[in-house]
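To start, the structure itself, in structure tokens.
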Amino acid sequence: DTSDTGTFEVSIDCQFQVCQSADALNVGFILDESGSIDSDEWDLLIDFMKRIIEFDVSPQSYVSMFKYASLPYYQQFLDWTGPKATTETQMQSSLEDARDDYNGGGLTFTWDAVSRTLDEF
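Taking my numbering, the leading residue of the sequence shown gets 5, the next gets one more, and so forth.
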């Protein structure tokens, strides 16, 4: 509905078909855990990531996840795990662990996180 504000209300209950692609990809996710992300936003981010893995990552793909804030805080909290078809539970568990391990401090150093993640590829 755009009648009041001119913007759409976002629903986190969107439903999509599960990815059936046979493409095997290495997928790296970088999650911002800096001070600009509070604990409620972190929970939304974790829920969003769980849905991405469930619906959008092909069963043959490998996944790694990183979280970051100010230097030197950068952590790979899921090492290249896969294929998803046999390790999705481990991927989902890693996200729940990250939810419980929220730090929420520091500055946003996206350039450093991207650079470090690219080094892992």
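Don't be surprised by glycine CBs; every beta carbon is placed ideally from N, CA and C.
Just so you know, these numbers come straight off a predicted model, no measurement behind them.
Which residues DSSP lists as bridging residue i, in chain order
i: residue 69; result: 33 and 82
Own chain, CB closer than 8 Å to residue i, minus 5 neighbours either side, in chain order
i: residue 31; result: 61, 65, 66, 67 and 68
i: residue 87; result: 28, 63, 64, 65 and 66
i: residue 59; result: 20, 21, 22 and 23
i: residue 131; result: Limits of the chain in this structure are 5 at one end and 125 at the other, which puts residue 131 out of reach.
i: residue 123; result: none
i: residue 42; result: 108
Under the three-state DSSP convention, the category residue i falls into
i: residue 42; result: coil
i: residue 21; result: coil
i: residue 28; result: coil
i: residue 64; result: coil
i: residue 126; result: No statement about residue 126 is possible, as the shown extent of the chain runs from 5 to 125 and does not include it.
i: residue 59; result: helix
i: residue 112; result: coil
i: residue 6; result: Here residue 6 scores only 47 on pLDDT, less than 50, and its place in the model should not be relied on; the value that follows carries that caveat. Residue 6 falls in the coil class under three-state DSSP.
i: residue 105; result: coil
i: residue 98; result: helix
i: residue 74; result: coil
i: residue 125; result: coil
i: residue 117; result: helix
Own chain partners of residue i with C-beta closer than 7 Å, once the 5 adjacent residues on each side are dropped
i: residue 94; result: 85
Own chain residues within Cβ distance below 6 Å of residue i, not counting five before or after
i: residue 46; result: 106
Taking contact to mean at least 3 C-beta pairs separated by less than 8 Å, is the segment 96-108 in contact with the segment 48-61?
-> Short answer: they touch.
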